[in-house]
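Enquirer:
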Amino acid sequence: MTFIWISIIAIVITATLIVVYRSQLSLPVKRRRSLSANFPNVLTLRIGDIVQYLDQDWVVEDKLIYTSHNYRWIEYLLQDNEEIRWLSIEEDDQVKVAWLETTQALNIPDYPPEQIRFGEMTYSLDERGTAQMHREGATLNQAEQCQYFDYSSNGNHILCIENWSGDVEVSVGRMIDPRSLTILGGDGQRIYGV
């Protein structure tokens, strides 16, 4: 008797899921996008969304999309008052999320070496290349080009160098579990005006 009730419940749940799935498929594409926008995640963040991490609320102020040889990654500029961080997202076989802070405390030669000592760590070069970057939502959205150098140390600590025609930017941080972030949908507007 218990088996019959479990079977009936399973059939009802399956039928309900099928009806909900089919009803979403019948919605216009624009409406489906708005439904997914109600539940943002690290792959669908928009300007104005809020990222909660380590007891701080960070506002997405900019979204940069990088492409290198058919490989794509996203970097979000996050701001909480005067503090700025970068959230870097790569999707390969799995989603990789990095939490980064820009630093001025490291002098980099024109062509970065295979290893860099910074703070208490030695970082080893993992990858280098050239990437095209464009800003999502920018009115005059022309692609810019940079050379990038990605380093790692002790598994989850990372150091990233970007050379924009002689203007060198260095960021340090670590890989984080995307489940450690809470994401709240925003209104699509910048708060700090970056």
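Take 6 as the starting number for the sequence shown in the numbering used here and just add one per residue.
The beta carbon of each residue, even a glycine, is placed where N, CA and C say it ideally should be.
Keep in mind that this is a model prediction, so the values were computed, not measured.
According to DSSP, simplified to helix, strand and coil, what is ARG36?
Expert: For the purposes of this step, residue 36 is taken as residue 31 along the sequence shown, with counting starting at 1. Here the model assigns ARG36 a pLDDT of 43, short of 50, so the residue's position is not dependable and the matter cannot be decided.
Enquirer: Closer than 6 angstroms to a non-hydrogen atom of the ligand FMN - does that hold for the CB of LEU48?
Expert: What this structure holds is no ligand at all, so the ligand FMN is not there to describe.
Enquirer: Going along the chain, which unbroken runs of the beta strand (DSSP E) with 3 or more residues stay wholly within the region 103-169?
Expert: 120-123, 126-140, 149-158 and 162-169
Enquirer: Give the straight-line distance between the Cα atoms of ILE52 and GLU87, rounded to the nearest whole angstrom.
Expert: Residue 52 sits at position 47 when you count from the first residue of the sequence shown. Residue 87 sits at position 82 when you count from the first residue of the sequence shown. Cα to Cα, the separation comes out at about 17 angstroms.
Enquirer: Could you check which residue in PRO117, ILE188, THR72 and TYR197 has the C-alpha nearest to that of LEU92?
Expert: As a working mapping, residue 92 is identified with position 87 in the sequence shown. Of the candidates PRO117, ILE188, THR72 and TYR197, the one whose C-alpha sits nearest the C-alpha of LEU92 is ILE188.
Enquirer: Closer than 7 angstroms by C-beta to ARG122: which residues in its own chain qualify, once you throw out the five before and the five after it? Chain order, please.
Expert: Against the sequence shown, residue 122 aligns to sequence position 117. Counting only Cβ-Cβ distances below 7 angstroms, and skipping sequence neighbours, we find nothing.
Enquirer: Pull up the CB-CB distance for VAL47 and ILE89, whole angstroms please, since I reckon it's below 8 angstroms.
Expert: Position 42 of the sequence shown, counting from 1, holds the residue named residue 47. Position 84 of the sequence shown, counting from 1, holds the residue named residue 89. Between VAL47 and ILE89 the beta-carbon gap is near 18 angstroms, outside 8 angstroms, which marks them as no contact.
Enquirer: Excluding the 5 residues preceding and the 5 following HIS139 in the sequence, name in chain order all residues of the same chain whose CB lies nearer than 8 angstroms to its CB.
Expert: The residue you call residue 139 lines up with position 134 of the sequence shown. The residues are LEU69, ILE70, ASN146, GLN147, ALA148 and GLU149.
Enquirer: Relative to the alpha-carbon of SER170, which residue among LEU111, ALA136 and ILE13 has its alpha-carbon at the smallest distance?
Expert: Residue numbering aside, residue 170 sits at position 165 when the sequence shown is read from its first letter. From the listed residues LEU111, ALA136 and ILE13, the smallest Cα separation to SER170 is found for ALA136.
Enquirer: Can you confirm whether the region 190-199 touches the region 122-133 when touching is taken to mean that 3 or more C-beta pairs between the two stretches lie within less than 8 angstroms?
Expert: For the pair of segments examined, the region 122-133 was found not to touch the region 190-199: the number of CB pairs separated by less than 8 angstroms stays below three.
Enquirer: Can you tell me which residues form a DSSP beta bridge with TYR58?
Expert: Taking the first residue of the sequence shown as position 1, residue 58 is located at position 53. According to DSSP, which records beta bridges pairwise, TYR58 is partnered with GLN61.
Enquirer: So MET180 is in the beta strand (DSSP E); what residue range does that whole segment cover?
Expert: Walking along the sequence shown from the start, residue 180 turns up at place 175. MET180 -> beta strand (DSSP E) spans 172-181.
Enquirer: Does the beta-carbon distance from TRP104 to ASP85 come in below 7 angstroms?
Expert: Within the sequence shown, residue 104 is the residue found at index 99, counting from 1. Within the sequence shown, residue 85 is the residue found at index 80, counting from 1. Going by C-beta atoms, TRP104 is not nearer than 7 angstroms to ASP85.
Enquirer: From PRO114 to ASP172, what distance separates their C-alpha atoms?
Expert: The sequence position of residue 114 within the sequence shown is 109, counting from 1. The sequence position of residue 172 within the sequence shown is 167, counting from 1. Looking at the two C-alpha atoms, the distance is approximately 12 angstroms.
Enquirer: In this structure, does DSSP put THR49 in helix, strand or coil?
Expert: On the sequence shown, residue 49 is found 44 positions in, with the first residue counted as 1. Residue state, collapsed to three classes: coil.
Enquirer: Alpha carbon to alpha carbon, how far is TYR76 from VAL56? Give it in angstroms, no decimals.
Expert: For this step, residue 56 is matched to residue 51 along the sequence shown. For this step, residue 76 is matched to residue 71 along the sequence shown. Each residue's Cα considered, the two are about 25 angstroms apart.
Enquirer: Label SER185 either buried or exposed according to how many other C-beta atoms from any shown protein chain fall within 10 Å of its C-beta, with 16 as the threshold for buried.
Expert: For the purposes of this step, residue 185 is taken as residue 180 along the sequence shown, with counting starting at 1. The residue is exposed, with fewer than 16 neighbouring Cβ atoms inside 10 Å.
Enquirer: Report buried or exposed for TYR156, applying the criterion of at least 16 other Cβ atoms within 10 angstroms of its Cβ.
Expert: Taking the first residue of the sequence shown as 1, we reach residue 156 at position 151. Flag for TYR156 reads buried.
Enquirer: Between SER39 and the rest of its own chain, which residues show a CB-CB distance below 6 angstroms, the 5 nearest in sequence each way excluded?
Expert: For this step, residue 39 is matched to residue 34 along the sequence shown. Because the pLDDT of SER39 is 48, which lies under 50, any placement of that residue in the model is unreliable, and the question is left without a value.
Enquirer: If distances are taken between C-alpha atoms only, which option among TRP10, ILE166 and ASP182 comes closest to LEU59?
Expert: Taking the sequence shown and counting its residues from 1, one reaches residue 59 at position 54. If we check each option's Cα against that of LEU59, ASP182 comes out closest.
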